[in-house]
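Residue numbers (our numbering): 813 to 1068.
Here a beta-carbon is modelled for each residue, glycine too, at the ideal position from N, C-alpha and C.
Here the structure comes first, spelled out in structure tokens, and everything after it is commentary.
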Amino acid sequence: MSVVLELESLKAACDNNNDPGDQGNECSQVIPGNGSCTYHIGSGTDEVSNLLSTTPQATENNRIQLEVDGVGAYTDSQTETSKWRRELLSLKTELNEVVVWKLKLWMVILLVFFTIALVIGISLIVCAVIDDDGDENYDKSSFVVKRFFRGNFTLDNSSFTSDREMLQVHYASKLTGVYSSSPALERYFSNVTINHLQDTTARFTLQFMMPSDHEELVRYTLSLKMVRNVLLQHFLDQDTEDHFYIIPTSLRMEVG
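In structure tokens, the structure reads:
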């Protein structure tokens, strides 16, 4: 009952006001819970609705932009893939073109590489098998001209023994080995003789055989310098502890 009376007095107060503007102001100040005026409540609801509606709109715009960017990147990637596919397809088409008779381009390329490899292989085999030095072919029976070298060398005191014959045989064998193993002089070497031993000095004679045309040999291969250096190098390579050691600086040699 009291609630009805309170509502009626509130209505009367609103009706007794002659100024419509004031009436609106007064009504706007009424507590919304009384149910008389709804202007204030409506405006508040609109503001909240506007704020809430703005956020989904921005989110939607961002989502659309991301989708557009993603589509752009995918389109670029797809375009690049398509380009590679076109190039591969074009290359495949070119390789399958018939060039000569029924041979396609890829067959011709493989044939060229195979031919080059085959030629190189055959060349290597031929060079290995037919590597024949013409200078190695010689007839030793055609060496009819003799060439002599005479010289001497000194034995180390510790090498000298009273058995002179044994020493002659030993040093003759040593000099024979030196010249028989020389690549340049082996074919011309004939023999060596140890003439005699006087104190610690041994005298020797070297004999070489040359062909009739021997001018170049005498000048170079069978020159005094060449023959002497071969023997000197052997003396220099000796072991100093060798029982038959020869003093390298004692070597003397001359033609004849």
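Which residue from the options puts its Cα closest to that of residue i?
| i | options | result |
| --- | --- | --- |
| A996 | A940, A929, D1054 and R1040 | R1040 |
| E1072 | D1011, N969 and Q980 | The displayed coordinates of the chain run from 813 to 1068. Any statement about residue 1072 would go beyond what the structure contains. |
| M1021 | G933, F1001, T966 and M978 | F1001 |
| T1013 | D1049, G1068, L1063 and E906 | L1063 |
| Y983 | E998, T1005 and G963 | T1005 |
| S985 | L1018, R999 and F961 | L1018 |
| L917 | K904, Y1032 and I937 | K904 |
| E998 | L1043, D1011 and N964 | L1043 |
| Q980 | R897, F925 and F1056 | F1056 |
| S994 | S935, L1034, C939 and T966 | L1034 |
| D1048 | Y950, N908 and V990 | Per the sequence shown, residue 1048 should be read as Leu rather than Asp. The shortest C-alpha separation from L1048 is found at V990. |
| K1037 | V1067, T966 and V931 | V1067 |
| F965 | L1009, N908, E906 and S902 | L1009 |
| T988 | D1011, L901, V931 and F1016 | F1016 |
| L1030 | N1003, F961 and D975 | Note that residue 1030 is Val in the sequence shown here, rather than Leu. Considering only alpha carbons, the answer is F961. |
DSSP on residue i, reduced to helix/strand/coil?
| i | result |
| --- | --- |
| S1002 | strand |
| L997 | coil |
| E1066 | strand |
| I1059 | strand |
Let's see if you can read the secondary structure: which residues bound the alpha helix (DSSP H) around residue i?
| i | result |
| --- | --- |
| S935 | L917 to V941 |
For residue i and chain B, any beta-carbon pair shorter than 7 Å?
| i | result |
| --- | --- |
| S1035 | The structure shown contains no chain B; it is built from a single protein chain. |
Quick check on the DSSP output: what are the complete beta strand (DSSP E) runs of length 3 or more inside the stretch 1005-1051, in order along the chain? As for any beta strand (DSSP E) of minimum length 3 sitting wholly inside the stretch 1005-1051, the runs are 1013-1022, ordered along the chain.
Take every Cβ of the stretch 1022-1030, pair it with every Cβ of the stretch 952-968, and state whether three or more of those distances are shorter than 8 Å. Yes: the two stretches touch, three or more of their Cβ pairs being nearer than 8 Å.
Every unbroken beta strand (DSSP E) inside the stretch 949-990 [3 residues or more]: The stretch 949-990 contains these whole beta strand (DSSP E) runs: 957-967.
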